[in-house]
Every structure is written in structure tokens, then in C-alpha cells.
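Heads up, the thing below is written out as C-alpha cells.
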Ligand code: URA
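Numbering (the numbering used here), first residue to last: 15 to 302.
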């Protein structure tokens, strides 16, 4: 029994505080729309024996049903191409049309093909200095990033700022973006489809920033950009020359600051990675 429950509350009823906590849980998980007044227990429904008589096995397969595709909305003349079908070849073609970061941001704002966007508050495009020689790539926005539209502003972002400060960096000297620019509900990992769809935008962002060094933060960007199945704890600390679109860049994989918050014992490894980055900066950054 919950410690703070009012004494007179019957079992099964929720107190005001419990209701607020439950709604907050639903909101964080991306459940923000009620479809009925009362919950439907679909487990109980599917477990109940069906009243319908069993269907005899069809000797011949029924003819395929043709589902008409949904009509596409008319294109507004002069507006950037919009997508509603979530096809990576479309995001690739779309991203290639952006000649500046502002153009890329505008077309990502207009893009409707990624279901993550429907639940997100806004696009979380980038933070930091677009002229920077060091680019950091995270996974995707969390709650605070979704609310502010800026990557790494929550607790993990504050730790990232301290990690950067330890080697003389701050957000005027780095550019920060994420693999997916819209928040995955409940902070889950982006799915393979969402990553495939959004990666062309990130690739174009890298091409336009053209950093001299790149750092992947955690599993998701490391697996995607290093093209490896190995986990981050094995790959961290390693440098690899990456070809990201048309841009070649030495990249370092390191641990995600959110992981370091949960696993403080791993901070010494991240510190080694920061030293490795500082060493590489001495060779690469500010040398024309
Ligand atoms: N985690 C990420 O990977 N990116 C953010 O922007 C915030 C948290």
C-alpha cells in the first residue's frame, strides 16, 4: 500500500497525487490522447473464448484486398517538398537541396514524414557554433531538449558542459546535433526506421558544418556512424576516419553523459576520451 494514501480511500481508487503521477507517466511515455471514457482490457478480451463458430478452412485463398492509398494533400506552390510517407530516399533527396544550415533547418521543420515529429513539441536542430571545428553527435532530444529546441540542455547536457570545460571547450567552440531531431516518446531509443529516415538530415548537417573532428556520444550515434554492431563500451576511446556524406572526418566514440550519470564509475573512461580529444585538437584544430 502507498505510504501517503489518505486513510479513507477505498482500495483501487487513486489519490490526487497518484493520479497526477500516473498522468505524468503517461505523458512521458507519449500517451497524450484519450480514445474512450473507460479503459478497455484487451488482454481479457483476447483471452475470452470466441462466441463465433469456428470458420471452416478455406480450400482456396481469398482474393487479395486492394487498399486504396490515401490521397496526398495538394502541394502549396513555392513551399518546400513535404513528405508523408517516411521514405529515406526522400529525406536524402530533400537534404541534398539545402545549401545552408538555415535552409536545412527550414526544410526539416516542413518535413512531415517522420512519426516522431507528431509527438514532439518542436524540432531540436542544433546548439553551439556552426563555425566550430569540433562537432558532437548525440542520440535524440529528451524532455528538456524537446521543450527548448536545443540539444543537451537537461542533466546529461550539464554534465556534457562540464566534460567539455575540463578540456577548455564550451558551446562557442563546438557544434552539437543529434541523430534524430525529434524526441522519441518516453526517451526510448530511436527505431531503425526512424534512424534511417533522419540520418540523411544529420549527414547534410555534418557536410555543411564540415568539422575537423567529430565525437559520437553513446551507442546510437556510434553504431550508426561507425557502422558497427559493437557496443559503446567496446568502441569508446577509438578513433576512426569516417566518410559522412562528402565529408571525411576523424571521429572519436565516447560514452553518453546520461550513461555517466547512471554509472559514475565510468567517468574515468570518459575522462581518458576527453584527454584523447584534447590531444587530437592540438594537432587538428585551428590549423587552417
Ligand atoms: N541525449 C541526447 O542524446 N541528446 C540530447 O540532446 C539530450 C540527451
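Built from N, CA and C at the ideal position, the CB exists for glycine as well. Note that the structure is predicted; figures quoted are calculated from it, not measured.
| Asked | Found |
| --- | --- |
| Here's the rule I'm using: 16 or more other beta-carbon atoms within 10 Å means buried, otherwise exposed. How should residue 29 be labelled? | exposed |
| Output the distance between the C-alpha atoms of residue 239 and residue 266, rounded to the nearest integer angstrom. | 11 angstroms |
| Tell me whether the beta-carbon of residue 151 lies closer than 8 angstroms to the beta-carbon of residue 226. | no |
| Taking 6 angstroms as the limit between beta carbons, can you name the residues of its chain near residue 109, skipping five residues before and five after? | 214, 215, 218 |
| Could you give the residue range of the beta strand (DSSP E) that holds residue 192? | 188-192 |
| Looking at C-alpha atoms only, which residue of 202, 293, 285, 170 is the closest neighbour of residue 275? | 170 |
| Could you tell me whether any non-hydrogen atom of ligand 1 is closer than 7 angstroms to the CB of residue 207? | no |
| With 16 other CB atoms within 10 Å as the buried threshold, where does residue 230 fall? | buried |
| What is the rounded straight-line gap between the Cα of residue 103 and the Cα of residue 290? | 36 angstroms |
| Around the C-beta of residue 164, are 16 or more other C-beta atoms found within 10 angstroms, so that it is buried, or is it exposed? | buried |
| Since residue 287 and residue 245 are thought to touch, with beta carbons under 8 angstroms apart, how far apart are those beta carbons, to the nearest angstrom? | Rounded, the Cβ-Cβ distance is 15 angstroms, inconsistent with contact. |
| Any heavy atom of ligand 1 closer than 7 angstroms to the Cβ of residue 182? | no |
| What are the boundary residues of the beta strand (DSSP E) that includes residue 253? | 253-258 |
| In or out: residue 34 buried (at least 16 other Cβ within 10 Å) or exposed? | exposed |
| Count the other C-beta atoms from every protein chain shown that fall within 10 angstroms of the C-beta of residue 58, then say buried if there are 16 or more, exposed otherwise. | exposed |
| Mind checking which residues open and close the alpha helix (DSSP H) that includes residue 228? | From DSSP, residue 228 is part of no alpha helix (DSSP H) but of the beta strand (DSSP E) over 227-231. |
| Could you name the residues, in chain order, whose CB is less than 7 angstroms away from a heavy atom belonging to ligand 1? | 138, 152, 153, 154, 155, 156, 159, 165, 166, 168, 170, 171, 192, 231, 232, 270, 272 |
| Indicate whether residue 138 and residue 159 have their beta-carbon atoms separated by less than 8 angstroms. | yes |
| Starting from residue 264, follow the beta strand (DSSP E) in both directions and report where the run begins and ends. | 261-268 |
| Within its chain, find whatever has a CB closer than 6 angstroms to the CB of residue 270; leave out the 5 residues flanking it on each side and keep chain order. | 231, 232 |
| Taking the straight line between their C-alpha atoms, what separation do you get for residue 116 and residue 122? | 10 angstroms |
| Give the secondary structure of residue 209 by DSSP, where H, G and I count as helix, E and B as strand, and everything else as coil. | helix |
| Between residue 196 and residue 107, which are expected to be in contact by the criterion C-beta below 8 angstroms, what is the C-beta distance as a whole number of angstroms? | Not a contact, Cβ separation roughly 20 angstroms. |
| How long is the line joining the alpha carbons of residue 118 and residue 207, rounded to whole angstroms? | 21 angstroms |
| Which first and last residues belong to the beta strand (DSSP E) in which residue 23 is found? | Premise fails: residue 23 is in no beta strand (DSSP E) and is neither H nor E. |
| In whole angstroms, give me the CA-to-CA distance for residue 262 and residue 255. | 7 angstroms |
| When DSSP labels each residue in this structure, what does residue 141 get in the three-state scheme? | strand |
| Check residue 152 in the structure and name its three-state DSSP category. | strand |
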